[in-house]
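Engineer: All you need for this note's numbering is the position in the sequence shown, starting with 1, plus 7.
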Amino acid sequence: MKKIILLVFMISSFLSLWGQIKPKLHFSATNEYHFAWYNGMVTIGNSAHLDEDSGPKSYIFPTGKSEKDLLCISSNYEKLRKNIQHFAWFKDGTVSMGQYSRTPAKISLANGRSPYRFVLAPGKTMEDVLCISSNSDMHFAWYKDGTVSAGKSTNLANERSPYRFVLAPGKTVIDVICISSNDDMHFAWYKDGTVSAGSSDNLASKRQPYPFRLGFNKNLKEIL
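#1: By the three-class DSSP mapping on this structure, what secondary structure does LYS31 have?
#2: Within 10 Å of its beta-carbon, does PRO176 have 16 or more other beta-carbons around it, so buried, or fewer, so exposed?
#3: Going by DSSP, what residues sit across from LYS113 in a beta bridge?
#4: Run the CB neighbour count on SER81, radius 10 Å, all protein chains shown included, and call it buried at 16 or more, exposed below.
#5: If you drop the 5 nearest sequence neighbours on each side, which residues of the same chain put their C-beta closer than 6 Å to that of ALA211?
#6: DSSP three-state call for GLU74: helix, strand or coil?
#7: So for LEU227, helix, strand or coil by DSSP?
#8: Of the choices ASN165, GLY222, GLU74, whose alpha-carbon is the least far from that of LEU116?
#9: What are the boundary residues of the beta strand (DSSP E) that VAL180 is part of?
#10: Would you report the Cα separation of ALA128 and LEU163, rounded to the nearest angstrom?
#11: Taking only the alpha-carbon atoms, compute the straight-line gap between LYS213 and GLY52 and give it to the nearest angstrom.
#12: Within a Cβ cutoff of 7 Å, which residues of the same chain sit near ILE91, ignoring the five residues on either side of it in sequence?
#13: Restricting to Cα atoms, I'd like to know which of ASP152, MET104, MET192 is closest to THR179.
#14: Can you tell me which of PRO216, ASP208, ILE184 puts its alpha carbon nearest to the alpha carbon of LYS228?
#15: For MET133, which of helix, strand or coil comes out of DSSP?
#16: If you draw a straight line from the alpha carbon of PHE94 to that of ASN224, how long is it in whole angstroms?
#17: Just to confirm the assignment, what range does the beta strand (DSSP E) spanning HIS93 have?
Pasting the structure below:
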């Protein structure tokens, strides 16, 4: 019996550790592009074909950060400088920002701003976060309890305190891989290989779930 208990404990510990180090799939968007991020590689395309414009290219983290530290990646279009920005949100409560360029072989997640602190809505912790997304106006923190808050990159609730959101009919937060945003709508990416789009309180109000294609030479089941 003791051997069985020990074996169960070892398996549980391994699965817990694997869950912490296994690369996760992230999605981000601007009005022009959709980005899929996975294990140090990023593709560029549209919401149905995520490698339509560019196959996998490398991205690099700020000094001292790695894939295991990553909570989420978001993107927006900075209107003043007319530039795409990528934000890397980390589990330690810091965020860095990189300026996007199609020219370099690697995309930097910190060449615009080194990691700085951010806070969530009062009472929320990193464990509560489902995903973080961005558009040109603000950043959105989506929580596992089915609420979303919005604000600036240092305070993800200074514009809007948590309010309810709904997914496509039949979907729950357990079905969600990630949520991304652009200036027109928000996208909910599901584990069954579909994506829906809508407003921040109804993520299917504009488009019901439709299939998407990845571009990492892997199918979705292999990645998840």
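We put the CB at the ideal spot given by N, CA and C, even for glycine. Being a predicted model, the structure only gives us computed values, none of them experimental.
Structural biologist: Inspection of the coordinates gives the following:
#1: Counting from 1 along the sequence shown, the entry for residue 31 is found at position 24. Coil at LYS31, not helix or strand.
#2: One-based indexing of the sequence shown puts residue 176 at position 169. PRO176 is exposed by the Cβ-count criterion.
#3: Start at 1 with the first residue of the sequence shown, and residue 113 comes out as number 106. According to DSSP, which records beta bridges pairwise, LYS113 is partnered with SER65.
#4: Here residue 81 refers to the residue found at position 74 of the sequence shown. So SER81 counts as buried.
#5: Numbered from its first residue, the sequence shown carries residue 211 at position 204. ALA175, SER203, GLY205.
#6: As a position in the sequence shown, residue 74 is number 67, starting the count at 1. DSSP places GLU74 in helix when its eight states are reduced to three.
#7: Locating residue 227 in the sequence shown gives position 220, where the first residue counts as 1. LEU227: helix per DSSP, three-state reduction.
#8: If you number the sequence shown from 1, residue 116 lands on position 109. Closest by alpha carbon: GLU74.
#9: In the sequence shown, residue 180 corresponds to position 173, counting from 1. Taken as a continuous stretch (DSSP letters only), VAL180 belongs to no beta strand (DSSP E), as it is neither H nor E.
#10: By 1-based counting over the sequence shown, the position of residue 128 is 121. By 1-based counting over the sequence shown, the position of residue 163 is 156. Roughly 6 Å separates the two Cα atoms.
#11: The count along the sequence shown starts at 1 and reaches residue 213 at position 206. The count along the sequence shown starts at 1 and reaches residue 52 at position 45. Approximately 20 Å, taken between the alpha carbons.
#12: Within the sequence shown, residue 91 is the residue found at index 84, counting from 1. Contacts found: THR37, SER82, TYR84, TYR107.
#13: In the sequence shown, counting from the first residue as 1, residue 179 sits at position 172. Answer by Cα proximity: ASP152.
#14: What you label residue 228 is simply residue 221 of the sequence shown in a count that begins at 1. The shortest C-alpha separation from LYS228 is found at ILE184.
#15: Numbered from its first residue, the sequence shown carries residue 133 at position 126. Here MET133 carries a helix assignment [DSSP, helix/strand/coil].
#16: Your numbering for residue 94 matches position 87 in the sequence shown. Your numbering for residue 224 matches position 217 in the sequence shown. Near 25 Å, if we compare the C-alpha coordinates of ASN224 and PHE94.
#17: Taking the sequence shown and counting its residues from 1, one reaches residue 93 at position 86. Its beta strand (DSSP E) spans residues 90–97.
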